[in-house]
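This report concerns only the one structure given below.
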Amino acid sequence: MRITSLVTRITRQMLRDRRTLALLFFAPLLILTLMYFIFHSEASDLKIVVTGSDENIAEALKQADFQVTVAKHFSKESMAKNNIDGWLQFENGSMKLTLLNDEPSRAKAVQMQLAQGLQGDANNPSIDAHYVYGDADTKIFDIFSPMLVGFFVFFFVFLIAGIALLKERTSGTLERLLVTPIKRYEIVAGYVIGYGLFALIQTIIVVLYAVNVLDIVLVGSIWLVLLTNILVALVALSLGTLLSSFATSEFQMVQFIPLVIVPQIFFTGIFPLDGMADWLQQIGKIMPLYYASDALNGIMYKGLTFAEVVMDLLILLAFAVVFITFNILSLKKYRAL
Amino acid sequence: MRAVNAITIEEIAKGFKHKKVIQPLNLNIAERKIFGLLGPSGCGKTTLIKMIVGMMKPDTGKITVLDCEVPNEALLSEIGYMAQSDALYTELTGAENLEFFAKLYRLSKKEQRERIQYAAEIVQLTNDLSIRVAYYSGGMKRRLSLAIALVQNPKILILDEPTVGMDPVLKQSIWKELERLKNDEHKTILITTHVMDEAERCDNLAMLREGKIIASGTPAALKTQYGVQTFDEVFLKIVGEL
Ligand SMILES: Nc1ncnc2c1ncn2[C@@H]1O[C@H](COP(=O)(O)OP(=O)(O)O)[C@@H](O)[C@H]1O
Ligand SMILES: [Mg+2]
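Protein sequence lines correspond, in order, to chains A and B. Count along the first sequence starting at 1, add 57, and that's the number in the working numbering. Count along the second sequence starting at 1, add 2, and that's the number in the working numbering.
Below you can see the structure in the form of structure tokens.
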């Protein structure tokens, strides 16, 4: 019942803070939409020239959204002159790719699209190329949008819950609260449930928008996506409130963004993890968003089931449990009981 | 009837960093009395009070409230505390603030309604209860803080400069109410102040300076001791002497 009254209070406070609500619910949609358009435009009109091959491959590449020209002879010089992004040479059954690389992002896109377009038997590429994940329409955006969904939940819940507890600390209401018979765990539980509710609503809005409006692939279960994001929210919430005890102002809370949030982005899979040095990959394994991304990418893009992502979910849960315990302990500073 | 102590303080000391804020001091606060803690700003009144409430751990010494050693969970319901700085949820209305704290004390629905109404009446906020605290004036916030301290009907009231920012009429009515609470409901009240006319109305006083009790007794005894007519003079004499 004490927890209920805390939850009621938090809900009331949040509902009256329209700006924060808008930030929580609509900012992710805005950024998601923006990224959707940015990455869609990038992947289009990639020009590629094919030499020494048949129509089949050209057709397959057209399916993969390339502007394909089949030529008998071609050279690096004409590549630069005509601004051709890629030159695919077939000689004696082997394939050689030359990239213009005037913009690394375009070169990457060519490689990615090519890999998807020619997947299957590389020696005998056919029109019926079949894909392990995704399809010919797969965009880069599809691959990292699942991570984005998890990231938004993490970012906004971290900030909003952290600042909320910070405000409670600096305004003296936390001290005031602790001279009532409320238990320390009840305060933490109230916070987790109160802000967890809003995080849940945010997750639902973001996921539904991403899947239905932006048409992001969702192969697996939407319930599993929600479950994962609830765990992400729990971790973000407990980490945010914990770190808020090391901040003395809202601005200091914002200073945690480059320290805590930004490094995690590098390990979400937006940048390929396989290429990273071993020690760097190990660092990634202490970051909650690494597991969140792994799970979300698995569910949304690869269609993994609960049993296949359960390890990630358990690790996220463990993060949350540890942070929540630290939260309860850190309140000891205000009251020994 | 023997005089029972509601609060006993034994050899309490507290320092921050390298600064001693409370020197080892002893203090007894009798039950069913209004006890005034007097002293200039920065002398350690709030620090001492926070230790009594259990919000702050003393470096040494022992505090006993209602025969229980602080900190004690059961005590938290028996103490109504009003902090020096208003700790209120400004996004909520006055009524919602009161209701929130009332619920934390696990009052029944009926009790909640009665106590909230009673507390609001005492501080004359009944008509402003549905306004958000963000729109309250400084004095209104003090009054709401006082109402919150009263809401669970505690045996002991500990009020840190409760009347700051209140007009004389309201101050008068609040003092009347404090006296009524003492006489009719047998409450023990510990109050800090640096306003001397309030000191006159306390049953017992302790004067604090730089963390030490420099004088204590009834208002009349203190005036006789220093051979003066008013408390301002007692105060000036003490400060001047040191
Ligand atoms: N948390 C703290 N850290 C460091 N110094 C403090 C702290 N709280 C109070 N003080 C210092 O202790 C002294 C007494 O403060 P306080 O008890 O608030 O005085 P009063 O309530 O009598 O005005 C002041 O000098 C103040 O600066
Ligand atoms: Mg003070």
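The C-beta atom is built at its ideal place from N, Cα and C for all residues, glycine as well. Only a predicted model underlies this, so the values are computations on that prediction, with no experimental measurement involved.
Run of the alpha helix (DSSP H) containing residue i, from where it starts to where it stops
i                 : result
GLN199 of chain B : In the sequence under discussion, the amino acid at residue 199 of chain B is Asp, which differs from the Gln named in the question. That run of the alpha helix (DSSP H) goes 198-201.
PHE147 of chain A : No alpha helix (DSSP H) holds PHE147 of chain A; the beta strand (DSSP E) holding it covers 143-148.
ASP205 of chain B : Counting along the chain, ASP205 of chain B falls outside any alpha helix (DSSP H), and DSSP gives it neither H nor E.
ILE279 of chain A : 279-300
THR49 of chain B  : 47-55
GLY355 of chain A : 345-357
SER147 of chain B : 140-152
LEU373 of chain A : 363-387
GLY229 of chain B : It is not in any alpha helix (DSSP H) - GLY229 of chain B carries neither H nor E in the DSSP assignment.
GLY247 of chain A : 241-265
ALA121 of chain B : 111-124
GLN309 of chain A : 307-311
ILE340 of chain A : 335-341
Proximal chain B residues relative to residue i, where beta-carbon distance stays under 7 Å
i                 : result
TYR391 of chain A : MET57
LEU239 of chain A : For clarity, residue 239 of chain A is Ile in the given sequence; the question names Leu instead. Result: LEU106.
ASP74 of chain A  : GLU93
Contacts that residue i makes with chain B (C-beta to C-beta distance below 8 Å)
i                 : result
VAL236 of chain A : VAL55, GLY56, MET57, LEU78, ILE81 and TYR83
ASP102 of chain A : Per Cβ cutoff of 8 Å: no residues; ASP102 of chain A is ~51 Å from chain B at best.
MET58 of chain A  : LYS105 and ARG108
DSSP beta-bridge partners of residue i
i                 : result
MET71 of chain A  : DSSP output for MET71 of chain A lists no bridge partner at all.
PHE18 of chain B  : B:LYS21
LEU235 of chain A : According to DSSP, LEU235 of chain A bridges with nothing at all.
LYS214 of chain B : B:ARG211
ILE322 of chain A : Per DSSP, none; premise fails for ILE322 of chain A.
THR190 of chain B : B:ILE158
THR220 of chain B : DSSP, once it has assigned bridges, lists no residue as partnering THR220 of chain B.
SER151 of chain A : A:GLU148
LEU103 of chain A : A:PHE123
ASN30 of chain B  : B:THR10
LEU156 of chain A : A:GLY143
VAL67 of chain B  : B:ILE9 and B:CYS70
THR195 of chain B : B:LEU40
THR108 of chain A : A:ALA128 and A:GLN146
THR62 of chain B  : B:ALA15
PHE95 of chain B  : Reading the sequence as shown, one finds Thr at residue 95 of chain B and not Phe. Answer is B:ARG134.
Endpoints, beta strand (DSSP E) assigned at residue i
i                : result
TYR83 of chain B : 81-84
ILE36 of chain B : 36-40
Chain-ordered neighbours of residue i on chain B, where CB pairs are closer than 9 Å
i                 : result
SER228 of chain A : SER87, ASP88, ALA89, LEU90, TYR91 and THR92
Within chain A, partners of residue i - CB distance below 7 Å
i                 : result
GLU98 of chain B  : ARG69
PHE102 of chain B : SER62 and ARG66
Residues that residue i contacts on chain D, provided the C-beta gap is smaller than 7 Å
i                 : result
ARG233 of chain A : The displayed structure is made up of protein chains A and B, and chain D is not among them.
Residues that residue i contacts on chain A, provided the C-beta gap is smaller than 8 Å
i                 : result
GLU163 of chain B : In chain order: nothing, as chain A lies at least about 14 Å away.
Pair every Cβ in the region 332-346 of chain A with every Cβ in the region 14-34 of chain B, then say whether three or more of these pairs are closer than 8 Å. no
Check whether the region 217-224 of chain B and the region 178-195 of chain B touch, using three or more Cβ-Cβ pairs below 8 Å as the test. no
May I ask you to list, following chain order, the residues of the region 60-72 of chain A that have a beta carbon less than 7 Å from some beta carbon of chain B? Those would be SER62, ARG66, ARG69 and GLN70, in chain order.
When you compare the region 80-89 of chain A with the region 115-131 of chain A, are there three or more beta-carbon pairs, one atom per stretch, that lie closer than 8 Å? no
Contact set between the region 60-73 of chain B and chain A, restricted to residues whose Cβ is under 7 Å from the partner: PRO73
Can at least three beta-carbon pairs, one atom from the region 352-361 of chain A and one from the region 196-216 of chain A, be found at a separation below 8 Å? Taking a cut-off of 8 Å for Cβ pairs, the region 352-361 of chain A and the region 196-216 of chain A touch, as three or more such pairs fall below it.
Scan the region 111-123 of chain B for residues whose Cβ lies nearer than 9 Å to a Cβ of chain A and list them as they occur along the chain. none
Contact between the region 266-282 of chain A and the region 320-330 of chain A: three or more CB pairs below 8 Å? Taking 8 Å as the limit for Cβ pairs, the verdict is that the region 320-330 of chain A does not touch the region 266-282 of chain A.
Contact between the region 96-116 of chain B and the region 137-156 of chain B is defined here as three or more beta-carbon pairs at a separation below 8 Å; is this criterion met? Using a Cβ-Cβ distance cut-off of 8 Å, the region 96-116 of chain B and the region 137-156 of chain B are in contact, since at least three pairs of beta carbons, one from each stretch, lie closer than that value.
Touch test, the region 66-86 of chain A against the region 208-216 of chain A, Cβ-Cβ under 8 Å, three pairs minimum: yes
Would you be able to state if there are at least three C-beta pairs under 8 Å between the region 113-122 of chain B and the region 75-83 of chain B? no
Evaluate contact between the region 62-69 of chain A and the region 248-255 of chain A, counting only Cβ atoms and requiring at least three cross-stretch pairs below 8 Å. Look at the beta carbons and you see the region 62-69 of chain A touching the region 248-255 of chain A: at least three pairs across the two are nearer than 8 Å.
Decide yes or no for the touch test of the region 264-271 of chain A against the region 11-18 of chain B: beta carbon pairs closer than 8 Å, at least 3 of them. no
Would you be able to state if there are at least three C-beta pairs under 8 Å between the region 87-99 of chain B and the region 218-236 of chain A? yes
May I ask you to verify whether the region 205-213 of chain B touches the region 170-183 of chain B, counting CB pairs closer than 8 Å and requiring at least 3? no
Segment contact flag, the region 277-284 of chain A with the region 307-315 of chain A, C-beta cutoff 8 Å, min 3 pairs: Contact between the region 277-284 of chain A and the region 307-315 of chain A is absent, because fewer than three Cβ pairs lie under 8 Å.
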